[in-house]
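Participant:
Residue numbers (our numbering), protein chains in the order written: chain A, 1 to 136; chain B, 1 to 200.
(1) Run through chain B and tell me which residues come within less than 7 Å of residue 225/A, C-beta to C-beta.
(2) Taking just the CA atoms, how far does residue 11/B sit from residue 92/B?
(3) In the structure shown, what three-state DSSP assignment does residue 173/B receive?
(4) Beta carbons nearer than 8 Å to chain A: which residues of the stretch 123-137 of chain B have them?
(5) So that I know if they touch, is there some Cβ in chain A lying closer than 8 Å to that of residue 183/B?
(6) Count the other C-beta atoms from every protein chain shown that fall within 10 angstroms of the C-beta of residue 27/A, then say buried if there are 16 or more, exposed otherwise.
(7) Can you name the start and end residues of the alpha helix (DSSP H) that residue 60/B belongs to?
(8) Which value, in whole angstroms, describes the spacing of the CA atoms of residue 24/A and residue 46/A?
(9) Looking at chain B, which residues of the stretch 74-87 of chain A have a Cβ within less than 8 Å of any of its Cβ atoms?
(10) Return the chain-ordered list of same chain residues with a C-beta closer than 7 Å to the C-beta of residue 61/A, the five sequence neighbours on each side being excluded.
(11) Counting only Cβ pairs nearer than 7 Å, list the residues of chain B close to residue 105/A.
(12) Label residue 153/B either buried or exposed according to how many other C-beta atoms from any shown protein chain fall within 10 Å of its C-beta, with 16 as the threshold for buried.
(13) Whose C-alpha, out of 135/A, 115/A and 87/A, is nearest the C-alpha of residue 132/B?
(14) Closer than 9 Å by beta-carbon distance: list the chain A residues that pair up with residue 169/B, in chain order.
(15) Helix or strand or just coil, what does DSSP make of residue 119/B?
(16) Would you say residue 144/B and residue 188/B are within 8 Å of each other, going by their C-beta atoms?
(17) Residue 90/A CB to nearest chain B CB: under 8 Å?
(18) May I ask you to list the residues that DSSP assigns as paired with residue 140/A?
(19) To the nearest angstrom, how far is it from the Cα of residue 169/B to the Cα of residue 71/B?
(20) Between residue 121/B and chain A, is the shortest Cβ-Cβ distance under 8 Å, so that the two count as touching?
(21) Whole-angstrom Cβ separation of residue 115/A and residue 75/A, contact assumed at under 8 Å?
(22) Run down chain A in chain order and give the residues with a C-beta less than 9 Å from the C-beta of residue 174/B.
(23) What would DSSP say about residue 10/B, mapped onto helix, strand or coil?
(24) How many Å lie between residue 163/B and residue 194/B at the Cα?
(25) Label residue 136/A either buried or exposed according to how many other C-beta atoms from any shown protein chain fall within 10 Å of its C-beta, with 16 as the threshold for buried.
(26) Taking a contact to mean a Cβ-Cβ separation below 8 Å, would you say residue 36/A touches residue 65/A in this structure?
(27) For residue 55/A, tell me which candidate among 133/A, 104/A, 124/A and 113/A has the shortest Cα-Cα distance.
(28) Buried or exposed for residue 49/A, please, with buried defined as at least 16 other CB atoms from any protein chain shown within 10 angstroms of its CB.
(29) Since I believe residue 95/B is in contact with residue 211/B (beta carbons under 8 Å), could you give me their beta-carbon distance rounded to a whole number of angstroms?
(30) For residue 199/B, tell me which candidate among 50/B, 77/B, 58/B and 43/B has the shortest Cα-Cα distance.
(31) Beta carbon of residue 182/B, beta carbon of residue 173/B: below 8 Å?
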């Protein structure tokens, strides 16, 4: 077998590996559900979509998913320079529903990043930068 | 043993081994590709002292990076001039492998994409009454240097934040134009860690 045949078969295998198995996005698709996330609504039906244009004041929803979080805190920061902390939720117990809300007042167009830090029982080292999105 | 195998089988085995060799090289190159991560002071020195083999260090760094560890920064309790106070933030170029799982090496960033630009901000985790609070310190986009560890001075009234959780946010771009910093609308990568200021 010639070298060109090796390259051909190797390329074929790589192309096959790169093909998407399921190109149709579903709710919470591509999200690591072992961490809490910001949800799109009060039922936490899906992940908060990037690029939102909700008028201020906004309500942000924290969703427990399968994280096992018992307490959590959240921060939303403006990441369009100069950066700033825009709104936050102080450390609070995760309710039995696994959903908490926080108010936010985003008025300036720009890019924002949300971070959730949480405890699972006595272990409190978990933190998660959940998403960034743009306000037009 | 090869001489007793039929020639067709020999050719097949040689072909398979050739393909596996090429795939193994791609796998090794991909696993070596790394991105930036915020690390505690002396992080690299401790790793280098305790782990002799570079490849093992790379694996340990990658696994450690996936733990959401907080970073304590110890400061001197005696303050001469509060306006001159600052802490040092450290980040590593070899902070984390771009590959999430070794068996899914094709899902990471391509190994030829190196970090080109970075910027950092230190923010308060909580803000009273949702009032927009400026970052305690921040930098503009800078080119990634050749050293593994970069130390960033962060100047603010440190003693006002003893024990309070702070958020360190490091943005970076993998690849792209090396002569042009990312634009405002450009989506870049980033890592966020909790920081705690503690007294020595």
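Glycine included, each C-beta is placed from N, C-alpha and C at the ideal position.
The structure presented is a predicted model; accordingly, all values stated were derived computationally and were not measured.
Facilitator: Quick look at the numbers:
(1) With chain A covering only 1 through 136, there is no way to say anything about residue 225/A.
(2) Your numbering for residue 92/B matches position 92 in the second chain. Your numbering for residue 11/B matches position 11 in the second chain. Taking the straight line joining both Cα atoms gives about 46 Å.
(3) Walking along the second chain from the start, residue 173/B turns up at place 173. Here residue 173/B sits in strand by DSSP.
(4) 123, 124, 125, 126, 127, 130, 132, 133, 134 and 135
(5) Taking the second chain and counting its residues from 1, one reaches residue 183/B at position 183. Answer no: the Cβ-Cβ gap between residue 183/B and chain A never drops below 8 Å.
(6) As a first step, residue 27/A must be located in the first chain, where it is residue number 27. Label assigned to residue 27/A: exposed.
(7) Along the second chain, read from residue 1 onward, the residue named residue 60/B stands at position 60. Here the alpha helix (DSSP H) through residue 60/B covers 54-65.
(8) Taking the first chain and counting its residues from 1, the one referred to as residue 24/A is at position 24. Taking the first chain and counting its residues from 1, the one referred to as residue 46/A is at position 46. Because the pLDDT of residue 24/A is 48, which lies under 50, any placement of that residue in the model is unreliable, and the question is left without a value.
(9) 75, 77, 78, 79, 80, 81, 82, 83, 84, 85, 86 and 87
(10) Along the first chain, one-based indexing puts residue 61/A at 61. Cβ neighbours of residue 61/A beyond the five flanking positions: 38, 39, 41, 42, 44, 99 and 101.
(11) As a position in the first chain, residue 105/A is number 105, starting the count at 1. 130, listed in chain order.
(12) For this step, residue 153/B is matched to residue 153 along the second chain. So residue 153/B counts as exposed.
(13) Sequence index remark: in the second chain, residue 132/B carries index 132 (1-based). The option with the nearest alpha carbon to residue 132/B is 87/A.
(14) For the purposes of this step, residue 169/B is taken as residue 169 along the second chain, with counting starting at 1. Chain A residues near residue 169/B: 77, 79, 83, 113, 115 and 129.
(15) Taking the second chain and counting its residues from 1, one reaches residue 119/B at position 119. Three-state result, residue 119/B: strand.
(16) Counting from 1 along the second chain, the entry for residue 144/B is found at position 144. Counting from 1 along the second chain, the entry for residue 188/B is found at position 188. No, Cβ-Cβ distance for residue 144/B and residue 188/B is not below 8 Å.
(17) Residue 90/A sits at position 90 when you count from the first residue of the first chain. True, the Cβ-Cβ gap to chain B drops below 8 Å.
(18) Since the first residue shown for chain A is 1 and the last is 136, residue 140/A is missing from the structure and cannot be characterised.
(19) On the second chain, position 169 is the one that residue 169/B refers to. On the second chain, position 71 is the one that residue 71/B refers to. Roughly 12 Å between the two C-alpha positions.
(20) Taking the first residue of the second chain as position 1, residue 121/B is located at position 121. At least one chain A Cβ lies under 8 Å of residue 121/B.
(21) Reading the first chain from its first residue, position 115 is the one you call residue 115/A. Reading the first chain from its first residue, position 75 is the one you call residue 75/A. With a Cβ gap of about 5 Å, residue 115/A and residue 75/A count as contacting.
(22) Translated into the one-based positions of the second chain, residue 174/B becomes position 174. The contacting residues do not exist; residue 174/B stays about 16 Å from chain A at best.
(23) Indexing the second chain from 1 puts residue 10/B at position 10. For residue 10/B, the secondary structure class from DSSP, reduced to helix, strand or coil, is helix.
(24) Taking the first residue of the second chain as position 1, residue 163/B is located at position 163. Taking the first residue of the second chain as position 1, residue 194/B is located at position 194. Cα to Cα, residue 163/B sits roughly 11 Å from residue 194/B.
(25) The residue you call residue 136/A lines up with position 136 of the first chain. Classification of residue 136/A: exposed, given that the 10 Å Cβ count is below 16.
(26) As a working note, residue 36/A is residue 36 in the first chain. As a working note, residue 65/A is residue 65 in the first chain. With respect to residue 65/A, residue 36/A sits close: the two C-beta atoms are nearer than 8 Å.
(27) Mapped onto the first chain, residue 55/A falls at position 55. Considering only alpha carbons, the answer is 104/A.
(28) Working through the first chain from its first residue, we reach residue 49/A at position 49. Exposed, by the Cβ-count rule.
(29) Absent from the structure is residue 211/B, since the part of chain B shown begins at 1 and ends at 200.
(30) The sequence position of residue 199/B within the second chain is 199, counting from 1. Answer by Cα proximity: 77/B.
(31) Here residue 182/B is taken as the residue at index 182 of the second chain, counted from 1. Here residue 173/B is taken as the residue at index 173 of the second chain, counted from 1. With respect to residue 173/B, residue 182/B sits close: the two C-beta atoms are nearer than 8 Å.
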